[in-house]
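K.L.:
One structure follows; several queries about it will come next.
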Amino acid sequence: MAESVTPSAPAKPSLLTRIVGSALGTGYAPIASGTVASALAMAWYAIPGVEMPILLLPMTVGLFFWGVRVAERMEAYYGPDPAEVTVDEVVGQWITVLFLPKSVVLMVAGFFLFRIFDIIKPYPARRFDRQRGGYAIMMDDVVAGIYANLVLQAAYALGLFSA
């Protein structure tokens, strides 16, 4: 008689993985963890100098790739696209304000635009949202951030917002 092999449960992610994946713990907020993470991203962005593309772009790209890895590990433990993973919101929120002048009005508009696009998930964000894995978890928020950034860039170019 053959022995059956029971698959073992995935190991709990390391503390560093949970800190990065949950965007400093925002993923463990009892409600609206994505919104809490977006607020954290904007608070970080508010630090003087962070808006400079020479800083914000490598921070965003680096956190994207790190986010893919940690999201993959956290998804294996918590299940598909877990609420505990909010590093994707930080990356998406930073993409939203990338290459724009820093102003409170643009930051507030960017916060709300990103949250709206993240919720409605326009193509191809919804396609990524239906997939599994760290890359898909990160990409639906990247798409939302790109859409929000394009709207802000157009509004700024049309003079609807001033710096």
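In the numbering used here, each number is its position in the sequence shown, counted from 1, plus 950. Every residue gets a Cβ at the ideal spot worked out from N, C-alpha and C, and that includes glycine.
1) Hey, out of Q1043, Y1106 and V1054, whose CA is closest to A1094's CA?
2) Compare the C-alpha of G1109 against each of R1076, P1051 and P1074 and name the closest.
3) Buried or exposed: where does I1070 fall if 16 or more other Cβ atoms within 10 Å of its Cβ makes it buried?
4) Just to check my reading of the structure: M1009 and G971 have Cβ atoms closer than 8 Å, yes? What is that Cβ distance to the nearest angstrom?
5) Could you pull out every residue in the same chain whose Cβ sits closer than 7 Å to the Cβ of Y978, ignoring the five residues on either side in sequence?
6) Measure the CB-CB distance between G1084 and A1021 and report whether it falls below 9 Å.
7) Report the option in A1107, T967 and R1076 whose CA atom is closest to the CA atom of V1092.
8) Helix or strand or just coil, what does DSSP make of A993?
9) Just to confirm the assignment, what range does the alpha helix (DSSP H) spanning T976 have?
10) Measuring only the C-alpha atoms, how far is F1049 from S958?
11) Work out the CA separation of S988 and D1068 for me, nearest whole Å.
12) If we call anything under 9 Å between Cβ atoms a contact, is M992 one with V1047?
P.N.:
The relevant details are as follows:
1) Closest by alpha carbon: Q1043.
2) P1051
3) exposed
4) The Cβ separation is near 17 Å, so there is no contact.
5) So the list reads S972 and E1034, once near-sequence residues are dropped.
6) Against a cut-off of 9 Å, the Cβ pair of A1021 and G1084 comes out as a contact.
7) R1076
8) helix
9) Neither: T976 is in no alpha helix (DSSP H) and is coded neither H nor E.
10) Roughly 46 Å between the two C-alpha positions.
11) Note on geometry: alpha-carbon atoms of D1068 and S988 lie some 11 Å from one another.
12) yes
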